[in-house]
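Q: Sharing a structure, written as structure tokens. Questions coming.
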Amino acid sequence: MLDLQRERRALALFEAMLDMEEETRDTWLDSKTAGDTQLRERVSQFVHADTIASLRTSGAFAHADHIDPPDTIGNYRITGLIGSGGMGSVFAATRSKGDFDHDVAIKIIKPGILSESLVKRFEQERQILAGLNHPYIARLLDGGTAEDGLPYFVMERVDGISLNEWLDGNAGLAERLRLFGQICNAVSYAHRNLVVHRDLTPANVLVEATGNAKLIDFGIARPDGEALSDLARPLRALTLTPGYAAPERLEGKPATVSSDVYSAGRLLSHIVEGSRQTELRAIIDKAMSPNPDDRYHSMDELAEDVQRFQNSRTVKAMPYSRGYAFGKWLQRNRLPAALGALFVLALIGGLAASTWYAQRERVARAEADHRFDEVRSIATFMLYDLYDDLSPLSGNTRSLARIAEEARKYLERLSVGDDLSPELRLEIAQGYHRLSDVTGNPQGSNLGRREEARTYLDRALSDLRALHGEYPNDTRYTVALAEALYSDAILRFIGEDDNKGGSQSAARSAALYDEVARLRPNEASHRRNAIQSRLQAAKPLVWMDQGERGVRMLKAVQAEIGKFRKTNPTDREAERLAAAVASELGYSSSWHFELGSEGFMAGLASLDQAVSQYDRLIATARPEAADDLGQSLLTSLFNRSLVLSDLERWREAMRDLERAEAIAAKSVLRDPEDEGALRRRETIWSQKSYALIGLGRSGDAVNMAGQLVDARRKRAKREPENSGHARDLANAIQILGDAYEGAGQAQRACAVRREALSAWKGMNARSPLSAIDRENSLKPLEELVAACS
-3 MLDLQRERRA
7 LALFEAMLDM
17 EEETRDTWLD
27 SKTAGDTQLR
37 ERVSQFVHAD
47 TIASLRTSGA
57 FAHADHIDPP
67 DTIGNYRITG
77 LIGSGGMGSV
87 FAATRSKGDF
97 DHDVAIKIIK
107 PGILSESLVK
117 RFEQERQILA
127 GLNHPYIARL
137 LDGGTAEDGL
147 PYFVMERVDG
157 ISLNEWLDGN
167 AGLAERLRLF
177 GQICNAVSYA
187 HRNLVVHRDL
197 TPANVLVEAT
207 GNAKLIDFGI
217 ARPDGEALSD
227 LARPLRALTL
237 TPGYAAPERL
247 EGKPATVSSD
257 VYSAGRLLSH
267 IVEGSRQTEL
277 RAIIDKAMSP
287 NPDDRYHSMD
297 ELAEDVQRFQ
307 NSRTVKAMPY
317 SRGYAFGKWL
327 QRNRLPAALG
337 ALFVLALIGG
347 LAASTWYAQR
357 ERVARAEADH
367 RFDEVRSIAT
377 FMLYDLYDDL
387 SPLSGNTRSL
397 ARIAEEARKY
407 LERLSVGDDL
417 SPELRLEIAQ
427 GYHRLSDVTG
437 NPQGSNLGRR
447 EEARTYLDRA
457 LSDLRALHGE
467 YPNDTRYTVA
477 LAEALYSDAI
487 LRFIGEDDNK
497 GGSQSAARSA
507 ALYDEVARLR
517 PNEASHRRNA
527 IQSRLQAAKP
537 LVWMDQGERG
547 VRMLKAVQAE
557 IGKFRKTNPT
567 DREAERLAAA
577 VASELGYSSS
587 WHFELGSEGF
597 MAGLASLDQA
607 VSQYDRLIAT
617 ARPEAADDLG
627 QSLLTSLFNR
637 SLVLSDLERW
647 REAMRDLERA
657 EAIAAKSVLR
667 DPEDEGALRR
677 RETIWSQKSY
687 ALIGLGRSGD
697 AVNMAGQLVD
707 ARRKRAKREP
717 ENSGHARDLA
727 NAIQILGDAY
737 EGAGQAQRAC
747 AVRREALSAW
757 KGMNARSPLS
767 AIDRENSLKP
777 LEELVAACS
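If you're matching positions, the sequence shown starts at -3 in the numbering used here and goes up one per residue.
Structure representation (structure tokens):
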């Protein structure tokens, strides 16, 4: 074993030992080192060093009941002790400065618990955790280092009692499960913000006077799956409560969503202790499976199965059988079943056969319920989980097309009937929205079937508008409609060349998100989504002869996202959105302002900023996120190349185009039938043809423009009524004519330009062209063709 490998293995084993009873450590270590005397000796050295360090850094004090606090910390005056634990003590405090009173809880970390490096680490994590804003999570308000050097955290003061005290109050099973659902909701929210709790135990759950849960001690959380560094040992040692830590954590592996699910299962066992419900035991066993792959894949899945138990539905953790399904149906229909039993008793002599048939019918209905649930689950699985799992893999477009087709059939089966619940109608509408995205919405990887995508999206929008009208105060329907309108905006703007319609849909989406943000001010994502929709509403304006308004709107959006980032400094999606706004502002400025003017050059600076921001985000992103960010970087590089080309800085433009083409080529290589990737590469080819002309490489420009025309002609032939495809083809033919002229082939240039002019005139006859298309395509072509004569 290499020295570095042995060192890492020794550290992992040492960390695991910290959570064991002392008398079991030697036997366990013998089994893990398997005769590797050097490895065992190194672990023993760590144990010895830890013991000495504990004595030298007031380790004995770590077991004291509490810390003697100063009278004040920062702007807060200490008013009393709330409690003490292994990490430190929590004190009640009130704001002693400023123009308002504010009660808080301050946690002071004991001396010797954290090294200087780990204090810095806590400061970094505090910034992440300050962004967690959820009704069931105690808010982290402030933090720092006291005058005596001890780190502290200022938290929301919770008016409540410990979970164990609440459980001692003999709450019923329904109330206990309601509280557990709130805990799952809070942890799921943290997971969506890339934070795992890492110590989900009764000690870290409070219950407010209102009966609602409040999770505390996210202060030692870590972004999901982040690898442990050498400095992580004391943090990890402080965040594993015996009995609640997943087995893999005891092996030294990092905390993940799955390890939180395990701890939640253990917590559920504690909350329902004494219950003899077989289904709850099955749910707990699944959540606490030693194999992470066998657990629920998310907190939402765990909470959903508990909810199914509460609703007397079949639980996914249980093996399915007809008898089990029939029993659950009886639980849901106790009154009809009881009346049926009385009826049978009254007529038992003459209706024995009817009883038998009635039971058969009940079983059949139960089976139908289960089959319906299965169809519902399969449709969701195929459209979301399976599609997303396969889409990054090479050569899967045909398989994805079949998945989309099968999912459509399942959605149609789910839609049968006039008495569908609002929840099911929502799922179906969201399913059609998703089906539209995967079949042909250009905002992501898709199958390139624009007309189909429009049909599915119109169905989704119709259903979601109806639901929103029926339940205007239910934010689930408002958010779903806002999401669908955002997709509609992109499909109209990019896929259908409908600038006005695209801008209007995006503006409506933004208004709906604003409405939700007012109703749920603690969820910052709705504000961010509103800003994103406003960005999309501004994009088409430059193509609608409203360049000045577009630039003004984009500057307002840029100010808005800047303000949002100040209050949400750890929101990576907000940073990405800021880069997208900078990119679009630069692009729109290049069209609106005169070439070389101050406004034009400011647009180039804005594009420089966007490229730099995307480069920084990609450098720190996970692989799956980096690939998605790469597509956004591609757009910014392409937009900047347009501006550089206008300035005839051809070499710089070519460098951007080659970077963008490399990103696009990677996507095409992964799946040669991904229409979204193919279109992005073709867009780069269009501008690269002009850069080649500018660099004097006319022969290469002709070849590239020829490739572009061939590719776009095939696509336009597949969907002849698609105006977006027609426009793309006309542009490509025009580029080829320019390339022929650059190569000195005047006759060919004239012939190709006549075809391009005919295409543009045909589009203008069907629907008037934008001012940009008239000025930059139609009018120049008319002059060039006239010169040919």
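Cβ atoms here follow ideal geometry from the backbone N, Cα and C, with glycine treated the same way.
(1) Measuring CA to CA, which of Ser641, Glu269, Arg655 is closest to glycine 626?
(2) Sort out for me which residues DSSP pairs phenylalanine 305 with in a bridge.
(3) Please classify glutamate 657 as buried or exposed, where buried requires at least 16 neighbouring CB atoms within 10 angstroms.
(4) Within its chain, find whatever has a CB closer than 7 Å to the CB of glycine 221; leave out the 5 residues flanking it on each side and keep chain order.
(5) Short of 8 Å in beta carbon distance, which residues of its chain neighbour glutamate 275, apart from the five on each side in sequence? Order them along the chain.
(6) Could you check whether the segment 481 to 491 touches the segment 504 to 521, counting it as contact only if at least three pairs of C-beta atoms, one from each stretch, sit closer than 8 Å?
(7) Give the list of continuous alpha helix (DSSP H) stretches no shorter than 4 residues that lie fully inside the segment 240 to 286.
(8) What separation, rounded to the nearest whole angstrom, lies between the Cα atoms of aspartate 604 and alanine 697?
(9) Does the distance from the C-beta atom of serine 584 to that of glycine 558 stay below 8 Å?
(10) Given glycine 702, which residues of its chain have a CB within under 7 Å of its CB, disregarding the five upstream and five downstream residues?
(11) Near valine 475, what residues of its chain come up, given a Cβ to Cβ distance below 7 Å and the 5 sequence neighbours on each side ignored?
(12) Distance check for serine 632 and glycine 592, CA to CA, integer angstroms please.
(13) Going by DSSP, what residue range makes up the alpha helix (DSSP H) through aspartate 706?
(14) With a Cβ-Cβ cutoff of 8 Å, do alanine 606 and alanine 575 count as a contact?
(15) Could you pull the start and end residues of the alpha helix (DSSP H) that alanine 101 belongs to?
(16) For the putative contact between glycine 165 and phenylalanine 149, defined by C-beta atoms under 8 Å, what is the C-beta separation to the nearest angstrom?
(17) Take alanine 786 as the anchor and find which of Gln743, Asp769, Arg770 has the nearest alpha-carbon.
(18) Could you say which of Ala242, Leu128, Val86 lies nearest to glutamate 519 if we only look at CA atoms?
(19) Terminal residues of the continuous beta strand (DSSP E) containing glycine 76?
(20) Since aspartate 670 is in the beta strand (DSSP E), which residue starts that stretch and which ends it?
(21) Would you mind giving the Cβ-Cβ distance between proline 418 and phenylalanine 489, rounded to the nearest angstrom? I have them listed as a contact below 8 Å.
(22) Mind listing, in chain order, the continuous alpha helix (DSSP H) runs of no fewer than 4 residues lying wholly within the segment 124 to 180?
(23) Where do the N-terminal and C-terminal ends of the beta strand (DSSP E) with arginine 91 fall, by residue?
(24) CB-CB under 8 Å to alanine 712, same chain, minus the five flanking residues each way: which ones, in chain order?
(25) Does valine 475 come out as helix, strand or coil in the three-state DSSP assignment?
(26) Taking 6 Å as the limit between beta carbons, can you name the residues of its chain near asparagine 525, skipping five residues before and five after?
(27) For arginine 446, which option in Leu463, Ala205, Ile486 has the closest C-alpha, if you only look at C-alpha atoms?
(28) With H, G and I counted as helix, E and B as strand and the rest as coil, what does DSSP make of glycine 345?
(29) Does the beta-carbon of arginine 430 have 16 or more other beta-carbons within 10 angstroms, so that it is buried, or is it exposed?
(30) Roughly how many angstroms separate the alpha carbons of tyrosine 452 and leucine 653, rounded to a whole number?
(31) Grab me the residues of serine 579's own chain with a C-beta within less than 7 Å of its C-beta, minus the 5 sequence neighbours each way, in chain order.
(32) Return yes when the Cβ of valine 39 is within less than 8 Å of the Cβ of glutamate 72, no when it is not.
(33) Run through the DSSP bridge pairs and tell me what alanine 513 is partnered with.
(34) According to DSSP, simplified to helix, strand and coil, what is lysine 684?
(35) Would you kindly work out how many angstroms separate the C-alpha atoms of proline 147 and serine 254, rounded to a whole number?
(36) Can the beta-carbon of alanine 456 be found less than 8 Å from the beta-carbon of serine 432?
A: Let me spell this out:
(1) Arg655
(2) Secondary-structure assignment with DSSP links phenylalanine 305 through no beta bridge to anything.
(3) buried
(4) In this predicted model, glycine 221 has a pLDDT of only 42, less than 50, meaning its place in the structure is not dependable enough to derive any value.
(5) Phe305, Val311, Ala313, Met314
(6) yes
(7) As far as the segment 240 to 286 is concerned, its whole alpha helix (DSSP H) runs of at least 4 residues are 243 to 246, 253 to 267, 274 to 283.
(8) 26 Å
(9) no
(10) Leu732
(11) So the list reads Val512, once near-sequence residues are dropped.
(12) 20 Å
(13) Residues 694 to 714.
(14) yes
(15) Looking at the DSSP string, alanine 101 is not in any alpha helix (DSSP H); the run it does join, the beta strand (DSSP E), is 99 to 105.
(16) That pair is no contact at about 29 Å.
(17) Past the boundaries of the shown model lies residue 786; the chain is included only from -3 to 785, so the question cannot be answered.
(18) Leu128
(19) Taken as a continuous stretch (DSSP letters only), the beta strand (DSSP E) holding glycine 76 covers 72 to 80.
(20) Careful: aspartate 670 lies outside any beta strand (DSSP E) and carries neither H nor E.
(21) At roughly 31 Å, the Cβ-Cβ gap does not stay under 8 Å, so proline 418 and phenylalanine 489 are not in contact.
(22) 159 to 164
(23) From DSSP, the beta strand (DSSP E) with arginine 91 extends over 84 to 91.
(24) Asn718, His721, Ala722, Asp724, Leu725
(25) helix
(26) Tyr509
(27) Comparing Cα-Cα distances from arginine 446 to each of Leu463, Ala205, Ile486, the minimum goes to Ile486.
(28) Confidence in glycine 345 is poor, its pLDDT being 44 and thus under 50, which makes the residue's placement too unreliable to answer from.
(29) buried
(30) 35 Å
(31) Leu603, Ala606, Thr631, Ser632, Asn635
(32) Reading off the sequence, residue 72 comes out as tyrosine, not glutamate. No, Cβ-Cβ distance for tyrosine 72 and valine 39 is not below 8 Å.
(33) Answer is none; alanine 513 lacks a bridge partner.
(34) In the structure shown, lysine 684 sits in a helix (DSSP, three-state: H, G or I).
(35) Cα atoms of proline 147 and serine 254: separation of roughly 30 Å, rounded to the nearest angstrom.
(36) Between alanine 456 and serine 432, the C-beta spacing is below 8 Å.
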